[in-house]
Amino acid sequence: MPHNLDFIAIGDITTDAFIKIPKETAHVTCDSKGRACQICFNFGDKIEYESVTEIPSVGNSPNAAVSAKRLGLTSALVTDLGDDYHGKIKIARLEKEGIDTRFVKIHAGLESNYHYVLWYEAERTILVKHQEYPYELPDIGTPRWIYLSSVGEQSTDYHKAIGEYLKKNESVKFAFQPGTFQIKAGHKALESLYKESDLFFCNREEAQRILGTNESDIKKLLTGVHEFGPTMPVITDGPDGAYTYDGEETWHMPMYPDPAPPIDRTGAGDSFSSTFTAMLALGKSVPEALMRAPINSASVVQKIGAQEGLLTLDELEEWLAKAPADYKPTKI
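Here this note's numbering is used: position 42 in the sequence shown is 42, and no number is missing along the way.
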(Lines of atoms letter the chains of each structure in order from A; the text may use other names.)
(Lines give C-alpha, C1' and ligand atoms only; values in the text may rest on other atoms or scores of the structure.)
Protein backbone atom coordinates (compact mmCIF):
# COMPACT_ATOMS: atom_id res chain seq x y z
CA MET A 1 0.00 0.00 0.00
CA PRO A 2 1.25 3.56 -0.69
CA HIS A 3 2.36 5.53 2.33
CA ASN A 4 0.87 8.86 1.26
CA LEU A 5 -0.92 9.45 4.56
CA ASP A 6 -1.79 12.89 5.90
CA PHE A 7 -0.69 12.31 9.47
CA ILE A 8 1.54 9.73 11.18
CA ALA A 9 1.95 9.88 14.94
CA ILE A 10 4.99 8.22 16.55
CA GLY A 11 5.09 7.33 20.23
CA ASP A 12 4.20 4.90 22.98
CA ILE A 13 0.70 3.58 23.59
CA THR A 14 -0.76 2.59 26.94
CA THR A 15 -3.85 1.73 28.91
CA ASP A 16 -4.79 4.31 31.55
CA ALA A 17 -6.46 3.02 34.71
CA PHE A 18 -8.26 5.98 36.29
CA ILE A 19 -8.40 5.58 40.07
CA LYS A 20 -10.92 8.11 41.35
CA ILE A 21 -9.86 9.59 44.70
CA PRO A 22 -12.69 10.96 46.89
CA LYS A 23 -12.30 14.57 48.00
CA GLU A 24 -12.10 13.70 51.68
CA THR A 25 -9.33 11.10 51.17
CA ALA A 26 -6.37 13.30 50.21
CA HIS A 27 -4.79 16.57 51.23
CA VAL A 28 -4.30 18.98 48.31
CA THR A 29 -2.05 22.05 48.27
CA CYS A 30 -2.37 24.94 45.83
CA ASP A 31 -0.03 27.37 44.11
CA SER A 32 -0.05 31.18 44.40
CA LYS A 33 -2.88 31.37 41.86
CA GLY A 34 -5.04 28.96 43.80
CA ARG A 35 -4.55 26.10 41.34
CA ALA A 36 -4.17 22.61 42.82
CA CYS A 37 -0.52 21.55 42.47
CA GLN A 38 0.11 18.67 44.92
CA ILE A 39 -1.86 15.73 46.25
CA CYS A 40 -0.64 14.19 49.51
CA PHE A 41 -1.22 10.91 51.36
CA ASN A 42 0.13 9.72 54.69
CA PHE A 43 2.50 6.75 54.81
CA GLY A 44 0.86 3.76 56.43
CA ASP A 45 -2.71 4.84 55.67
CA LYS A 46 -5.18 2.68 53.78
CA ILE A 47 -6.52 4.99 51.08
CA GLU A 48 -10.07 4.40 49.94
CA TYR A 49 -10.80 4.96 46.28
CA GLU A 50 -14.16 5.56 44.63
CA SER A 51 -13.83 3.69 41.30
CA VAL A 52 -11.45 2.41 38.62
CA THR A 53 -11.99 3.06 34.90
CA GLU A 54 -9.72 1.44 32.28
CA ILE A 55 -9.20 3.34 29.01
CA PRO A 56 -7.06 1.57 26.37
CA SER A 57 -5.10 2.90 23.38
CA VAL A 58 -4.13 6.25 24.86
CA GLY A 59 -0.90 8.20 25.19
CA ASN A 60 0.23 11.48 23.63
CA SER A 61 0.74 10.06 20.14
CA PRO A 62 -2.30 7.72 20.00
CA ASN A 63 -4.41 10.64 21.23
CA ALA A 64 -3.02 12.79 18.42
CA ALA A 65 -3.66 10.08 15.82
CA VAL A 66 -7.32 9.77 16.87
CA SER A 67 -7.72 13.56 16.97
CA ALA A 68 -6.36 13.95 13.43
CA LYS A 69 -8.58 11.14 12.14
CA ARG A 70 -11.75 12.61 13.62
CA LEU A 71 -10.85 15.96 12.06
CA GLY A 72 -10.75 14.39 8.61
CA LEU A 73 -7.12 13.41 7.99
CA THR A 74 -5.88 9.96 7.06
CA SER A 75 -4.03 8.92 10.18
CA ALA A 76 -1.63 6.16 11.26
CA LEU A 77 0.29 5.30 14.41
CA VAL A 78 3.87 4.03 14.78
CA THR A 79 4.05 2.33 18.15
CA ASP A 80 5.17 -0.77 20.05
CA LEU A 81 3.23 -3.09 22.31
CA GLY A 82 3.29 -6.57 23.82
CA ASP A 83 1.52 -9.70 22.69
CA ASP A 84 -0.69 -9.72 25.79
CA TYR A 85 -4.38 -9.09 26.46
CA HIS A 86 -3.94 -5.33 26.79
CA GLY A 87 -2.05 -5.19 23.48
CA LYS A 88 -4.90 -6.90 21.63
CA ILE A 89 -7.43 -4.50 23.16
CA LYS A 90 -5.30 -1.52 22.09
CA ILE A 91 -5.15 -2.63 18.45
CA ALA A 92 -8.89 -3.30 18.33
CA ARG A 93 -9.59 0.16 19.72
CA LEU A 94 -7.31 1.84 17.16
CA GLU A 95 -8.96 -0.02 14.30
CA LYS A 96 -12.39 0.97 15.58
CA GLU A 97 -11.27 4.61 15.39
CA GLY A 98 -10.13 4.12 11.79
CA ILE A 99 -6.43 4.46 12.58
CA ASP A 100 -4.06 2.74 10.14
CA THR A 101 -2.26 0.12 12.26
CA ARG A 102 0.22 -1.24 9.70
CA PHE A 103 3.12 0.35 11.64
CA VAL A 104 2.14 -1.10 15.03
CA LYS A 105 4.81 -3.60 16.10
CA ILE A 106 3.88 -6.46 18.42
CA HIS A 107 6.72 -7.87 20.55
CA ALA A 108 6.42 -11.51 21.60
CA GLY A 109 7.02 -12.12 25.28
CA LEU A 110 6.82 -8.46 26.29
CA GLU A 111 4.09 -6.64 28.19
CA SER A 112 2.11 -3.67 26.94
CA ASN A 113 2.32 -0.34 28.74
CA TYR A 114 -0.16 0.17 31.57
CA HIS A 115 -0.38 3.41 33.57
CA TYR A 116 -2.23 4.42 36.71
CA VAL A 117 -4.00 7.76 36.92
CA LEU A 118 -4.71 9.19 40.36
CA TRP A 119 -7.84 11.16 39.53
CA TYR A 120 -8.86 13.87 42.00
CA GLU A 121 -11.74 16.10 40.89
CA ALA A 122 -10.63 17.44 37.48
CA GLU A 123 -6.91 17.01 38.18
CA ARG A 124 -4.71 13.94 37.81
CA THR A 125 -1.28 12.55 38.57
CA ILE A 126 -0.14 9.70 36.33
CA LEU A 127 2.12 6.84 37.42
CA VAL A 128 3.92 5.78 34.25
CA LYS A 129 6.20 2.93 33.21
CA HIS A 130 7.45 2.56 29.64
CA GLN A 131 8.34 -1.00 28.67
CA GLU A 132 11.79 -1.46 27.13
CA TYR A 133 10.95 -2.12 23.49
CA PRO A 134 13.61 -2.43 20.74
CA TYR A 135 12.41 0.64 18.85
CA GLU A 136 12.87 0.74 15.07
CA LEU A 137 11.49 3.22 12.57
CA PRO A 138 9.53 1.34 9.89
CA ASP A 139 9.21 2.36 6.26
CA ILE A 140 6.58 5.08 6.62
CA GLY A 141 6.94 6.55 3.13
CA THR A 142 6.38 10.31 2.88
CA PRO A 143 3.35 11.45 4.86
CA ARG A 144 2.41 15.11 4.88
CA TRP A 145 2.95 15.40 8.65
CA ILE A 146 4.80 13.42 11.32
CA TYR A 147 3.85 14.00 14.94
CA LEU A 148 6.31 12.74 17.57
CA SER A 149 5.71 12.53 21.30
CA SER A 150 6.45 10.40 24.35
CA VAL A 151 8.56 7.22 24.10
CA GLY A 152 10.63 5.28 26.63
CA GLU A 153 14.15 6.13 27.77
CA GLN A 154 15.91 3.41 25.76
CA SER A 155 15.23 5.30 22.52
CA THR A 156 18.36 7.31 21.73
CA ASP A 157 19.01 5.50 18.44
CA TYR A 158 15.30 5.71 17.59
CA HIS A 159 15.35 9.49 17.88
CA LYS A 160 18.49 9.65 15.74
CA ALA A 161 16.77 7.55 13.07
CA ILE A 162 13.76 9.89 13.08
CA GLY A 163 16.05 12.90 12.77
CA GLU A 164 17.91 11.32 9.85
CA TYR A 165 14.62 10.49 8.16
CA LEU A 166 13.44 14.10 8.46
CA LYS A 167 16.68 15.45 6.98
CA LYS A 168 16.27 13.16 3.97
CA ASN A 169 12.57 13.95 3.50
CA GLU A 170 12.35 17.72 3.55
CA SER A 171 8.79 17.74 2.19
CA VAL A 172 7.50 16.05 5.37
CA LYS A 173 6.30 18.53 8.00
CA PHE A 174 7.24 17.70 11.59
CA ALA A 175 5.43 18.44 14.85
CA PHE A 176 7.23 17.63 18.11
CA GLN A 177 5.43 17.43 21.46
CA PRO A 178 8.16 16.10 23.77
CA GLY A 179 7.20 13.75 26.57
CA THR A 180 8.78 13.42 30.00
CA PHE A 181 11.92 11.53 28.92
CA GLN A 182 12.44 13.68 25.83
CA ILE A 183 12.38 16.84 27.94
CA LYS A 184 14.68 15.24 30.52
CA ALA A 185 17.13 14.22 27.79
CA GLY A 186 17.67 17.88 26.90
CA HIS A 187 17.73 19.70 23.60
CA LYS A 188 21.38 18.83 22.91
CA ALA A 189 20.64 15.10 22.87
CA LEU A 190 17.67 15.68 20.53
CA GLU A 191 19.20 18.58 18.63
CA SER A 192 18.29 17.24 15.18
CA LEU A 193 14.63 16.93 16.16
CA TYR A 194 14.48 20.47 17.56
CA LYS A 195 16.05 21.83 14.38
CA GLU A 196 13.70 19.87 12.12
CA SER A 197 10.55 20.89 14.01
CA ASP A 198 8.02 22.95 12.07
CA LEU A 199 5.86 22.96 15.21
CA PHE A 200 6.99 22.45 18.79
CA PHE A 201 4.53 22.10 21.68
CA CYS A 202 5.05 22.37 25.42
CA ASN A 203 3.53 24.10 28.42
CA ARG A 204 5.07 26.96 30.39
CA GLU A 205 6.67 24.73 33.04
CA GLU A 206 8.10 22.41 30.40
CA ALA A 207 9.55 25.38 28.50
CA GLN A 208 11.31 26.47 31.69
CA ARG A 209 12.77 22.98 32.16
CA ILE A 210 13.87 22.80 28.53
CA LEU A 211 15.62 26.17 28.82
CA GLY A 212 16.93 25.55 32.35
CA THR A 213 15.47 28.80 33.64
CA ASN A 214 12.96 30.26 36.08
CA GLU A 215 12.08 32.94 33.53
CA SER A 216 8.34 33.68 33.60
CA ASP A 217 8.07 36.09 30.66
CA ILE A 218 6.26 34.13 27.96
CA LYS A 219 7.89 36.03 25.09
CA LYS A 220 11.35 35.19 26.39
CA LEU A 221 10.37 31.53 26.76
CA LEU A 222 9.06 31.47 23.18
CA THR A 223 12.19 33.09 21.73
CA GLY A 224 14.40 30.82 23.84
CA VAL A 225 12.77 27.67 22.48
CA HIS A 226 12.77 29.16 18.97
CA GLU A 227 16.54 29.63 19.18
CA PHE A 228 16.93 25.87 19.69
CA GLY A 229 15.58 25.32 16.18
CA PRO A 230 11.77 24.95 16.04
CA THR A 231 10.20 27.13 13.34
CA MET A 232 7.14 27.78 15.50
CA PRO A 233 7.11 27.01 19.22
CA VAL A 234 3.66 26.88 20.82
CA ILE A 235 3.47 27.24 24.59
CA THR A 236 0.29 26.53 26.53
CA ASP A 237 -0.29 28.15 29.91
CA GLY A 238 -3.36 26.53 31.47
CA PRO A 239 -6.17 29.02 32.10
CA ASP A 240 -4.06 31.81 30.59
CA GLY A 241 -4.38 30.26 27.12
CA ALA A 242 -1.71 29.59 24.51
CA TYR A 243 1.05 31.50 22.72
CA THR A 244 2.86 31.07 19.39
CA TYR A 245 5.95 32.65 17.88
CA ASP A 246 7.27 32.22 14.34
CA GLY A 247 10.39 34.36 14.60
CA GLU A 248 8.47 37.55 13.78
CA GLU A 249 4.94 37.51 15.19
CA THR A 250 3.72 36.45 18.63
CA TRP A 251 0.09 35.46 19.08
CA HIS A 252 -1.96 34.86 22.20
CA MET A 253 -5.14 32.78 22.27
CA PRO A 254 -7.42 32.63 25.33
CA MET A 255 -9.06 29.43 26.55
CA TYR A 256 -12.41 28.47 25.14
CA PRO A 257 -14.91 28.96 27.99
CA ASP A 258 -15.79 25.68 29.69
CA PRO A 259 -19.41 24.71 28.93
CA ALA A 260 -19.46 23.00 32.35
CA PRO A 261 -16.94 22.38 35.13
CA PRO A 262 -14.17 20.08 33.81
CA ILE A 263 -14.40 16.39 34.73
CA ASP A 264 -10.85 15.29 33.86
CA ARG A 265 -8.00 17.31 32.32
CA THR A 266 -6.15 14.28 30.91
CA GLY A 267 -5.37 14.83 27.22
CA ALA A 268 -6.13 18.56 27.15
CA GLY A 269 -2.62 19.35 25.94
CA ASP A 270 -2.62 16.52 23.41
CA SER A 271 -5.94 17.65 21.95
CA PHE A 272 -4.72 21.24 21.63
CA SER A 273 -1.42 20.29 19.96
CA SER A 274 -2.90 17.72 17.58
CA THR A 275 -5.80 19.98 16.60
CA PHE A 276 -3.47 22.89 15.91
CA THR A 277 -1.33 20.61 13.72
CA ALA A 278 -4.37 19.15 11.94
CA MET A 279 -5.75 22.60 11.19
CA LEU A 280 -2.50 23.61 9.47
CA ALA A 281 -2.61 20.31 7.56
CA LEU A 282 -6.12 21.22 6.45
CA GLY A 283 -4.91 24.56 5.08
CA LYS A 284 -5.90 26.86 7.95
CA SER A 285 -3.81 29.87 8.93
CA VAL A 286 -2.09 30.13 12.31
CA PRO A 287 -4.83 32.41 13.76
CA GLU A 288 -7.50 30.04 12.44
CA ALA A 289 -5.71 27.06 13.98
CA LEU A 290 -5.37 28.92 17.27
CA MET A 291 -9.13 29.55 17.38
CA ARG A 292 -9.94 25.87 16.93
CA ALA A 293 -7.33 24.07 19.03
CA PRO A 294 -8.64 25.19 22.46
CA ILE A 295 -12.14 24.02 21.51
CA ASN A 296 -11.06 20.39 21.36
CA SER A 297 -9.37 20.81 24.74
CA ALA A 298 -12.56 22.26 26.20
CA SER A 299 -14.49 19.27 24.88
CA VAL A 300 -11.98 16.64 26.03
CA VAL A 301 -12.02 17.78 29.66
CA GLN A 302 -15.77 17.15 29.77
CA LYS A 303 -15.15 13.40 29.51
CA ILE A 304 -13.05 10.77 31.30
CA GLY A 305 -9.83 10.07 29.41
CA ALA A 306 -8.09 11.74 26.53
CA GLN A 307 -10.13 10.62 23.52
CA GLU A 308 -13.85 10.35 24.20
CA GLY A 309 -14.36 14.10 23.94
CA LEU A 310 -12.38 14.60 20.72
CA LEU A 311 -14.56 16.36 18.12
CA THR A 312 -15.15 15.93 14.42
CA LEU A 313 -14.47 18.93 12.20
CA ASP A 314 -18.19 19.71 11.89
CA GLU A 315 -18.64 19.54 15.65
CA LEU A 316 -15.63 21.77 16.19
CA GLU A 317 -17.03 24.38 13.80
CA GLU A 318 -20.37 24.27 15.64
CA TRP A 319 -18.59 25.06 18.91
CA LEU A 320 -16.68 27.88 17.21
CA ALA A 321 -19.91 29.42 15.94
CA LYS A 322 -21.10 29.66 19.57
CA ALA A 323 -17.90 31.28 20.86
CA PRO A 324 -18.14 34.64 22.65
CA ALA A 325 -17.10 37.76 20.75
CA ASP A 326 -13.81 38.13 22.65
CA TYR A 327 -12.72 34.59 21.77
CA LYS A 328 -10.08 35.44 19.19
CA PRO A 329 -6.29 35.51 18.82
CA THR A 330 -4.38 38.73 19.32
CA LYS A 331 -0.85 39.79 18.45
CA ILE A 332 1.25 40.72 21.46
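The beta carbon of each residue, even a glycine, is placed where N, CA and C say it ideally should be.
Backbone secondary structure at residue i - three-state DSSP
i: L211; result: helix
i: G241; result: coil
i: P233; result: strand
i: D16; result: strand
i: E111; result: coil
i: T53; result: strand
i: P2; result: Note that P2 scores a pLDDT of 49, beneath 50, so its modelled location is shaky and nothing firm can be said.
i: V151; result: coil
First and last residue of the uninterrupted alpha helix (DSSP H) at residue i
i: T275; result: 268 to 281
i: P291; result: Looking at the sequence shown, residue 291 is not Pro but Met. Run containing M291: 286 to 300, per the alpha helix (DSSP H) assignment.
i: Y147; result: Unbroken run through Y147 is the beta strand (DSSP E), 145 to 148; no alpha helix (DSSP H).
i: A161; result: 156 to 168
Residue i burial status per 10 Å Cβ neighbour count (16 or more: buried)
i: D100; result: buried
i: A158; result: The sequence given here places Tyr at residue 158; Ala does not occur at that position. Y158 comes out buried.
i: Y194; result: buried
i: G44; result: exposed
i: L94; result: buried
i: C202; result: buried
i: K105; result: exposed
Opposing strand residues paired with residue i [DSSP bridges]
i: W251; result: T244, K331
i: G82; result: H107
i: H27; result: C40
i: Y120; result: E123
i: L199; result: A175, M232
i: A323; result: The partner list for A323 (beta bridge, DSSP) is empty, contrary to what the question assumes.
Enclosing beta strand (DSSP E) for residue i [first to last residue]
i: R124; result: 123 to 127
i: G260; result: Reading the sequence as shown, one finds Ala at residue 260 and not Gly. Unbroken run through A260: none, as it is neither H nor E.
So does the stretch 169 to 178 actually touch the stretch 141 to 156, counting three or more Cβ pairs closer than 8 angstroms?
-> yes
Could you tell me whether the stretch 117 to 134 touches the stretch 185 to 192, using the rule of 3 or more Cβ pairs below 8 angstroms?
-> no
Is the stretch 228 to 242 close to the stretch 86 to 96, with three or more CB pairs under 8 angstroms?
-> no
Is it a yes or a no for the stretch 267 to 280 touching the stretch 290 to 298, going by three-plus beta-carbon pairs under 8 angstroms?
-> yes
Given 8 angstroms, three or more beta-carbon pairs between the stretch 250 to 259 and the stretch 317 to 332 = yes
Mind the definition here: the stretch 235 to 242 touches the stretch 279 to 286 only if three or more C-beta pairs lie below 8 angstroms; say whether that holds.
-> no
Given 8 angstroms, three or more beta-carbon pairs between the stretch 312 to 320 and the stretch 47 to 62 | no
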